[in-house]
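Reviewing the structure listed below.
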Amino acid sequence: MVRNIYTGKVVTLNVDTVQLPNGFTVDLETIRHPGASAVVPLKDDGTVVLIRQFRHAAGGFIYEIPAGKLDRGEDPLNCAARELEEEVGYRASSFELLSSIFTAPGFADEVIHVYKAIGLTKGKQQLDRDEVLEIVEMPLDQAIERIQDGTIRDGKTIIGLQAVYIQNVKGRG
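Mapping the sequence shown onto my numbering, position 137 (from 1) lands on 192, and the numbers just tick up by one.
Here is the structure:
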């Protein structure tokens, strides 16, 4: 049984009555989300393009890779390309899927598809009304240091940057 508690423009909150594999029946609060795509824009010189964005739920500005919610039926790659241009004003000649991750599987079904984008060329930034951000470019090595010192704390951003860093280290060795 599913009991809808709230339906908003981004998420739906349900209470699902679920029979667990151990035979017990429990009520679980579940957030339904359409999913998202995120992208690590990597310039030819090894610089990554990040955003420092205001996030009310996080209590202020945080560092992130560009990302956005999937539209109904939208291909995750198309979403990644759209968000790359809308948020940071770049287009890419090539995208590579790094991983598809659950954000919080204990209570939400959201999956974010994380891509690397290369072959960047200037496009046109087109922010939504609710997007308050600045573009921050830094060498990939420095972004990894910002993870280690706690400056970068966003999960999708950490996963994307570390995946690209590991690729680059393997490519050198």
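Note that CB positions come from ideal geometry on N, CA and C, so glycine has one too.
Item to check | Leu175 vs Pro121 beta-carbon contact at 7 angstroms | outcome: no
Checklist entry - Tell me the DSSP bridge mates of Glu119? => result Ile106
Next on the checklist: Excluding the 5 residues flanking Tyr61 on each side, which residues of the same chain have their C-beta closer than 6 angstroms to its C-beta?
Outcome noted: Leu68
Checklist entry - What runs of the beta strand (DSSP E), each 3 residues or longer, lie entirely inside the segment 126-185? => result 145-157 and 166-177
Item to check | Cβ-Cβ separation, Leu182 to Arg107 (assumed contact under 8 angstroms), whole Å | outcome: That belief does not hold up - the Cβ atoms of Arg107 and Leu182 are roughly 13 angstroms apart, past 8 angstroms.
Checklist entry - Excluding five sequence neighbours on each side, which residues of the same chain lie with their C-beta closer than 6 angstroms to the C-beta of Glu119? => result Ile106, Gln108, Asp209 and Thr212
Next on the checklist: Between Ile207 and Val104, how many whole angstroms is the CB-CB distance? I'm expecting something under 8 angstroms.
Outcome noted: With a Cβ gap of about 14 angstroms, Ile207 and Val104 do not count as contacting.
Checklist entry - Name the DSSP beta bridge partners of Lys124, please? => result Ala91
Item to check | Classification of Arg201 by the beta-carbon crowding that lies within 10 angstroms, buried from 16 upward | outcome: buried
Item to check | Reduced DSSP secondary structure (H/G/I, E/B, other) of Thr206 | outcome: coil
Checklist entry - In terms of residues, what are the limits of the beta strand (DSSP E) holding Asn69? => result Thr67 to Gln74
Next on the checklist: I'd like to check one pair, Thr80 with Pro194: are the Cβ atoms closer than 7 angstroms?
Outcome noted: no
Checklist entry - Helix, strand or coil for Asp82 per DSSP? => result strand
Next on the checklist: I need the straight-line Cα distance from Asp164 to Ala113, nearest angstrom please.
Outcome noted: 20 angstroms
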